[in-house]
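Peer 1: Note that this note's numbering has the sequence shown beginning at 17, numbered continuously upward.
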Amino acid sequence: MAARPHPRSLLAVVLVVLSALAGCSTSHAAAGAAPSKSTAAPDVAPEVPPAPDPTSTSSSSTTTVSPPPSYPITPAAPVGPSRGAAPVVSRVATTDPVIFLTIDDGMVRDPRVPQFLAEHRIPATLFLNAGPLKADPAYFVQFTAMGDPIESHTVSHPKLKGMRLGDQKAQVCGMNTVIDQVIGGHGHLFRPPYGAYDDTTKRAAAQCGANAVVTWRVALNDGMVQTQSGDHLRPGDIVLSHFRDDLYDNLVELWSQAQQAGLSFAPLEAYLPPPNG
Ligand SMILES: [Zn+2]
17 MAARPHPRSL
27 LAVVLVVLSA
37 LAGCSTSHAA
47 AGAAPSKSTA
57 APDVAPEVPP
67 APDPTSTSSS
77 STTTVSPPPS
87 YPITPAAPVG
97 PSRGAAPVVS
107 RVATTDPVIF
117 LTIDDGMVRD
127 PRVPQFLAEH
137 RIPATLFLNA
147 GPLKADPAYF
157 VQFTAMGDPI
167 ESHTVSHPKL
177 KGMRLGDQKA
187 QVCGMNTVID
197 QVIGGHGHLF
207 RPPYGAYDDT
217 TKRAAAQCGA
227 NAVVTWRVAL
237 NDGMVQTQSG
247 DHLRPGDIVL
257 SHFRDDLYDN
267 LVELWSQAQQ
277 AGLSFAPLEA
287 YLPPPNG
């Protein structure tokens, strides 16, 4: 009996040849000349999505929205330490029709919040503590992916006022280190817990690389926008909010009031540029 190759063996040879051809160029596969499945080992590893890059501007959303405005609209004065102390900034000196959203601590992580900020293109500056950041890095990466910086709000949220310089620095610098480890880079601003600081805090902030100790003029609580003097939102206002249960409702109300006042949201760091550019 003449030995004939088994039909299955022939098929296997054809498949291997075709798949090898397909491997030369994707156009072969696209033309449908080669079967898409074969027993041959793939010569190309599957595509792995790149890790999130906080500085990257590439995103699927860029095809559907127009480019964001460039801030600052009018040039902003550099801000940095003077005589070894970081200045306290509670409001930005600008005539641009902009306000600045800051969000503190990190305890409650509502998934609607990054969605809302993305939908309305609201930049935010996050002042976080170590526990929440370490507990849920993926949540906060959603913000850094939108370009929002993460800043030190101390490691464990103590009242700094009255503490020794070394202890204050351990809290301020220590949080920068945590942000670097978890996110890969921290911002150059600092906010003291409870807004409580003394001259030592300003020195600690400067020695930890912060260009400003940031407080606020407007606070969001229980769905209300509260200005310190009881008036309305004004250009340059820094708005305090917290990652709490009421944050989403607070942001909806803030957005509404900003719209009525003709104010846009701008990135705080763009208006507080470091002295060396
Ligand atoms: Zn706080």
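All residues carry an ideal CB built from backbone N, CA and C; glycine is no exception.
May I have all residues whose beta carbon comes closer than 5 Å to any heavy atom of ligand 1, sorted in chain order?
Peer 2: ASP120, ASP121 and PRO209
Peer 1: Suppose you measure from the CA of GLY239 to the CA of GLN184; what does that come to, to the nearest Å?
Peer 2: Approximately 33 Å, taken between the alpha carbons.
Peer 1: May I ask you to report which of helix, strand or coil DSSP gives PRO290?
Peer 2: Assignment of PRO290 by DSSP, reduced to helix, strand and coil, places it in the coil class.
Peer 1: Mapping the DSSP letters down to three states, classify THR111 as helix, strand or coil.
Peer 2: coil
Peer 1: Kindly indicate which residue of HIS204, ALA93 and PRO97 has the alpha-carbon position closest to the one of ASP164.
Peer 2: ASP164 has its Cα closest to that of HIS204, out of HIS204, ALA93 and PRO97.
Peer 1: CA-CA distance, ALA186 and GLY278?
Peer 2: 41 Å
Peer 1: State yes or no: is the C-beta of PRO283 within less than 8 Å of the C-beta of PRO139?
Peer 2: yes
Peer 1: I need the DSSP call for LEU256, collapsed to helix, strand or coil.
Peer 2: Correct three-state label for LEU256: strand.
Peer 1: Whose C-beta lies closer than 8 Å to the C-beta of HIS173 among residues of the same chain, with five residues either side of it excluded?
Peer 2: ASP121, ASN145 and PRO209
Peer 1: Tell me the DSSP bridge mates of PHE206?
Peer 2: SER168 and VAL229
Peer 1: Determine whether the beta carbon atoms of VAL104 and TYR213 lie at a separation below 8 Å.
Peer 2: yes
Peer 1: Output the distance between the C-alpha atoms of THR244 and PHE116, rounded to the nearest integer angstrom.
Peer 2: The sequence given here has Gln at residue 244, not Thr. Rounded to the nearest angstrom, the two C-alpha atoms are 15 Å apart.
Peer 1: I'd like the ranges of any beta strand (DSSP E) spanning at least 3 consecutive residues and lying wholly in the segment 86-133.
Peer 2: 114-121
Peer 1: Given this structure, state the Cα-to-Cα distance separating PHE159 from PRO130, to the nearest angstrom.
Peer 2: 7 Å
Peer 1: Name the two residues that bound the continuous beta strand (DSSP E) containing GLN242.
Peer 2: 240-243
Peer 1: May I ask you to report which of helix, strand or coil DSSP gives ASN237?
Peer 2: strand
Peer 1: I need the boundaries of the beta strand (DSSP E) containing LEU144, first residue and last residue.
Peer 2: 140-144
Peer 1: I need the boundaries of the alpha helix (DSSP H) containing LYS185, first residue and last residue.
Peer 2: 181-198
Peer 1: State the CB to CB distance for the pair ASP112 and THR90, rounded to an integer number of angstroms; the pair is presumed to be in contact (CB under 8 Å).
Peer 2: 6 Å
Peer 1: At what residues does the alpha helix (DSSP H) containing ASN215 begin and finish?
Peer 2: According to the sequence displayed, residue 215 carries Asp and not Asn. From DSSP, the alpha helix (DSSP H) with ASP215 extends over 215-223.
Peer 1: From what residue to what residue does the alpha helix (DSSP H) around PRO153 run?
Peer 2: 153-160
Peer 1: Leaving out five residues on either side along the sequence, give the residues of the same chain with a beta carbon under 6 Å from the beta carbon of ALA102.
Peer 2: LYS218, ALA221, ALA222, ALA226, ALA228 and VAL229
Peer 1: Please list, in chain order, all residues of the same chain as PRO92 whose beta carbon is under 8 Å from its beta carbon, the five residues on each side excluded.
Peer 2: Strictly speaking, residue 92 in this sequence is Ala, with Pro absent from that position. Once the five neighbours on either side are set aside, the close Cβ partners of ALA92 are VAL108, THR110, ALA286, TYR287, LEU288 and PRO289.
Peer 1: Give a yes or no on whether the C-beta atoms belonging to VAL171 and VAL194 are separated by under 8 Å.
Peer 2: yes
Peer 1: Between TYR264 and ASP152, how many whole angstroms is the CB-CB distance? I'm expecting something under 8 Å.
Peer 2: TYR264 to ASP152, Cβ: 17 Å. No contact.
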